[in-house]
Amino acid sequence: MSTNKVIHALYNDDDILMDAVKKVKDEHHHIEEVFCPFPVHGLDKAMGLAPTRLAITAFFYGITGLSVAIWLTWYTMIADWPQDIGGKPSFSWLTNMPAFVPIMFELTVFFAAHLMVITFYMRSKIWPFKKAENPDPRTTDDHFLMEIPVHDNEEELKALLATTGAVEINIVDKH
Amino acid sequence: MSSHYESSYREPLILGEKSYHDITEDIARPIEGKANKNWYIAFYISLAAMLWGFGCIFYTVGTGIGVWGLNKNIGWAWDITNFVWWVGIGHAGTLISAVLLLFRQKWRMAINRSAEAMTIFAVFQAGLFPIIHMGRPWNGYWVLPIPNQFGSLWVNFNSPLLWDVFAISTYLSVSLVFWWTGLLPDFATIRDRAVKPFQKKIYALLSFGWSGRAKDWQRFEEVSLVLAGLATPLVLSVHTIVSMDFATSVNPGWHSTIFPPYFVAGAIFSGFAMVQTLLGVMRKVTNMEAYITRLHVEYMNIVIILTGGIVAVAYATEFFIAWYTGSPYENYTYLSLGAEAGAYGWAFWSLMIFNIIIPQILWIKKLRRSFIVSFLVSIAINIGMWFERFDIIAIVLSKGQLPSTWWRFEPTFVDVGIFIGTIGFFFVLFLLYARTFPVIPTAEIKTILKSSGENFKKQRAENNEH
Numbered sequence: 013m014s015t016n017k018v019i020h021a022l023y024n025d026d027d028i029l030m031d032a033v034k035k036v037k038d039e040h041h042h043i044e045e046v047f048c049p050f051p052v053h054g055l056d057k058a059m060g061l062a063p064t065r066l067a068i069t070a071f072f073y074g075i076t077g078l079s080v081a082i083w084l085t086w087y088t089m090i091a092d093w094p095q096d097i098g099g100k101p102s103f104s105w106l107t108n109m110p111a112f113v114p115i116m117f118e119l120t121v122f123f124a125a126h127l128m129v130i131t132f133y134m135r136s137k138i139w140p141f142k143k144a145e146n147p148d149p150r151t152t153d154d155h156f157l158m159e160i161p162v163h164d165n166e167e168e169l170k171a172l173l174a175t176t177g178a179v180e181i182n183i184v185d186k187h
Numbered sequence: 002m003s004s005h006y007e008s009s010y011r012e013p014l015i016l017g018e019k020s021y022h023d024i025t026e027d028i029a030r031p032i033e034g035k036a037n038k039n040w041y042i043a044f045y046i047s048l049a050a051m052l053w054g055f056g057c058i059f060y061t062v063g064t065g066i067g068v069w070g071l072n073k074n075i076g077w078a079w080d081i082t083n084f085v086w087w088v089g090i091g092h093a094g095t096l097i098s099a100v101l102l103l104f105r106q107k108w109r110m111a112i113n114r115s116a117e118a119m120t121i122f123a124v125f126q127a128g129l130f131p132i133i134h135m136g137r138p139w140n141g142y143w144v145l146p147i148p149n150q151f152g153s154l155w156v157n158f159n160s161p162l163l164w165d166v167f168a169i170s171t172y173l174s175v176s177l178v179f180w181w182t183g184l185l186p187d188f189a190t191i192r193d194r195a196v197k198p199f200q201k202k203i204y205a206l207l208s209f210g211w212s213g214r215a216k217d218w219q220r221f222e223e224v225s226l227v228l229a230g231l232a233t234p235l236v237l238s239v240h241t242i243v244s245m246d247f248a249t250s251v252n253p254g255w256h257s258t259i260f261p262p263y264f265v266a267g268a269i270f271s272g273f274a275m276v277q278t279l280l281g282v283m284r285k286v287t288n289m290e291a292y293i294t295r296l297h298v299e300y301m302n303i304v305i306i307l308t309g310g311i312v313a314v315a316y317a318t319e320f321f322i323a324w325y326t327g328s329p330y331e332n333y334t335y336l337s338l339g340a341e342a343g344a345y346g347w348a349f350w351s352l353m354i355f356n357i358i359i360p361q362i363l364w365i366k367k368l369r370r371s372f373i374v375s376f377l378v379s380i381a382i383n384i385g386m387w388f389e390r391f392d393i394i395a396i397v398l399s400k401g402q403l404p405s406t407w408w409r410f411e412p413t414f415v416d417v418g419i420f421i422g423t424i425g426f427f428f429v430l431f432l433l434y435a436r437t438f439p440v441i442p443t444a445e446i447k448t449i450l451k452s453s454g455e456n457f458k459k460q461r462a463e464n465n466e467h
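Taken in sequence, the protein lines are chains Z and E.
Take the position in the first sequence, starting the count at 1, then add 12; the result is the number in our numbering.
Take the position in the second sequence, starting the count at 1, then add 1; the result is the number in our numbering.
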């Protein structure tokens, strides 16, 4: 038997899926992937996925945005071409700083939000003209699909999955 | 079932016997079906209004700002009124999707997609006004801090008008990204159901190849939460900064420290009113009665009562302070006895009646749960909030500190035409959206079906699980 064979087990209920994932994990089988039509809470933990670090990246992107805002306001208003506008102080960045708070805030949010979303798209490989990779169109409607690699244990896996309430079990050759 | 627990005493958010598949069917139906006659009638009326507005814009740009009703005293009036009005309307969308997400309010799921769409379309309209008012809109990019080939001058970061540029563009782009990221799984649903090849191609492109892996969902939820956390202060900052356009000036009536919170409350007030107006019609037209229920309408009305109350207190404060200063100039601000008795008395009373008096009927539970009453009140608030901005701008500017310069503002047909044009443009976008986008977040609403669906609640009640 070739090793690129996988089992696709389809479920039509999120609670049954959760129990199935736990059961398969208890039997020490590797779950390659689960495709869901909506987020199932606790599924990532049950599958043993590592927590995502996107929030941490957002924090650093925000710091970057704040630094850009500070540099931009300092360079344009203080260093490059200081002007007396309405008698507002432009002697040093610090005395002029209160007027820059809105810019600093907006650029922090701008950088954090956009760069985090771009990171998400890159990490999850979603972008325009990307081809979808869910193996069954029903997984964006009301079905959940569990993918398990087969290593000479096809019958054992089939028997196990049959007890978990799968509505359909298919053996697929993955290319 | 513990993860899906919600007390059966709480009213259901999804009515009828629904399964996950039913939800997909219900939300895909308006996209896959054909538009009816009413849709076409509404679309062509909006399109005509939009084209009329574009004509007026070309006339303005071709001839000059002189075709507006402005004069030497009133340097901006109708345009900035409309700008603030549209930005205010654009506040409900991100408030619903961000603030209510942080507070874990499940009812937001039925309305957040359309409210965000409304936000984005409203901010488009708002953005048009300052760009047209530049007179030479092709030089609009001069507001950006670009290295200066134009003579060693940078933009002025001390100016609230420039803060506005940064606030509005950040708000528009972040709202757009928030909205689109939430749309990806729902576009994927439409893509995987599509039978026509062209439709499949389009939705495959729009969905960015979303596949719904467990890891994707984990990231999706984290990104939504962080975006909500970022968008919450952003929403509050935008109208704060808009209010600073006025509050940092030295005009009596504008130079007011309560403007930021008062403007933010007013923005949420008008934004929710516009959501009520749009959804009151949309739930019927797209058959979403099972998802946008009386309960949703009531919750939105409660937000309207709260923010409307804040606005009323702000008016009272302004009125009192104007009188209490004893300054004769303050007697001509938009909330003063002078304004009430003056040439703009009708505008003063329109503000009071539409914004303060009419919304009070929502205190009666029966009325705030009525679709038709909510719709009518929301129209009144839309009008009232327009008058608020008109009063703040036109009344204050009409009577400056030098009585010999007192003048009045009278809009020309171009002023009115551009405003009507933006309303048309807004509805053109919204009507197209309602026919091509999943108007309810399909994936998200499925997550609350078991906890808040009517049939699941009934089942639990029968099993005595309260």
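Beta carbons: idealized from backbone N, C-alpha and C, even for Gly.
Between the C-alpha atoms of L280 of chain E and D154 of chain Z, what's the straight-line distance to the nearest angstrom? 27 Å
Strictly below 9 Å CB to CB, what residues from chain Z border F104 of chain E? Result: empty, since nearest Cβ-Cβ is about 18 Å, beyond 9 Å.
Considering only C-alpha positions, which residue in the set E:L162, E:G183 and E:V397 is nearest to T95 of chain E? E:G183
Rounding to the nearest angstrom, what Cα-Cα distance links L231 of chain E and E117 of chain E in this structure? 15 Å
Among the candidates E:A291, E:A323, E:F270 and E:R295, whose CA atom is the shortest distance from the CA of A313 of chain E? E:F270
Suppose the cutoff is 6 Å on Cβ atoms and the five residues either side in sequence are ignored; what does the same chain contact list for D392 of chain E look like? Y335, A348 and L352
Would you mind working out which of E:P31, E:N383 and E:H22 sits nearest N288 of chain E, comparing C-alpha positions? E:P31
Mark D165 of chain E as exposed unless 16 or more other C-beta atoms lie within 10 angstroms of its C-beta, in which case mark it buried. buried
CB of P114 of chain Z within 7 Å of CB of I293 of chain E, strictly: no
May I have a chain-ordered list of the alpha helix (DSSP H) segments no shorter than 4 residues that lie completely inside the segment 382-456 of chain E? 414-437, 443-447 and 450-453
Taking F112 of chain Z as the query, report the chain E residues whose CB atoms sit under 8 Å from its CB, ordered along the chain. F158
Going along chain E, which residues have a C-beta under 9 Å from M146 of chain Z? The residue you asked about is not Met; residue 146 of chain Z is Asn in the sequence shown. The contacting residues are A189, D193, W211, S212, G213 and R214.
Which value, in whole angstroms, describes the spacing of the CA atoms of G89 of chain E and P198 of chain E? 40 Å
Compare the Cα-Cα distances from R137 of chain E to each of E:M283, E:T64, E:G213 and E:F179 and report the closest residue. E:T64
Short-range partners of chain E found in the segment 78-97 of chain Z, where Cβ spacing is below 7 Å: L84, T85, T88, M89, D92, W93 and I97
In this structure, does DSSP put F156 of chain Z in helix, strand or coil? strand
In whole angstroms, what separates the C-alpha of M301 of chain E from that of I97 of chain E? 10 Å
Every unbroken alpha helix (DSSP H) inside the segment 15-43 of chain E [4 residues or more]: 21-33
Chain Z contact residues for P186 of chain E, given Cβ-Cβ distances below 8 Å: P49, F50 and T152
Using a Cβ-Cβ distance cut-off of 7 Å, determine whether V18 of chain Z contacts chain E. no
Does any residue of chain E bring its CB to less than 7 Å from the CB of F156 of chain Z? no
Just the C-alpha distance for H126 of chain Z and N465 of chain E, rounded to the nearest angstrom, thanks. 48 Å
Check whether the Cβ of L22 of chain Z lies closer than 7 Å to any Cβ atom in chain E. no
Burial state of H9 of chain Z, where buried means 16 or more other Cβ atoms lie within 10 Å: The question about residue 9 of chain Z has no answer here: the residues shown for chain Z are numbered 13 through 187.
Which same chain residues end up closer than 8 Å to W255 of chain E when comparing Cβ atoms and leaving out the 5 residues on each side of it in sequence? F247, A248, I393 and V397
Chain E partners of F141 of chain Z, CB-CB under 7 Å? L206
Nearest to C48 of chain Z by alpha carbon, out of Z:I138, Z:N24 and Z:K37? Z:N24
Can you pull the chain E neighbours of L66 of chain Z, defined as C-beta to C-beta under 8 Å? R220, E223, V224 and V227
Just to confirm before moving on: does the CB-CB distance between V223 of chain E and A67 of chain Z stay below 7 Å? Residue identity differs from the one stated: residue 223 of chain E is Glu in this sequence, not Val. Result yes, Cβ atoms of E223 of chain E and A67 of chain Z sit closer than 7 Å.
Measuring only the C-alpha atoms, how far is K458 of chain E from K451 of chain E? 8 Å
When DSSP labels each residue in this structure, what does V88 of chain E get in the three-state scheme? helix
Name the two residues that bound the continuous alpha helix (DSSP H) containing F50 of chain Z. No alpha helix (DSSP H) holds F50 of chain Z; DSSP gives it neither H nor E.
Contacts of I28 of chain Z in chain E (Cβ-Cβ under 8 Å): Per Cβ cutoff of 8 Å: no residues; I28 of chain Z is ~12 Å from chain E at best.
Just grab the DSSP bridge partners of W325 of chain E for me. Reading the sequence as shown, one finds Tyr at residue 325 of chain E and not Trp. BP columns for Y325 of chain E are empty, so no partner.
L119 of chain Z vs A21 of chain Z beta-carbon contact at 7 Å: no
Residue range of the unbroken beta strand (DSSP E) whose run includes N182 of chain Z: E180 to D185
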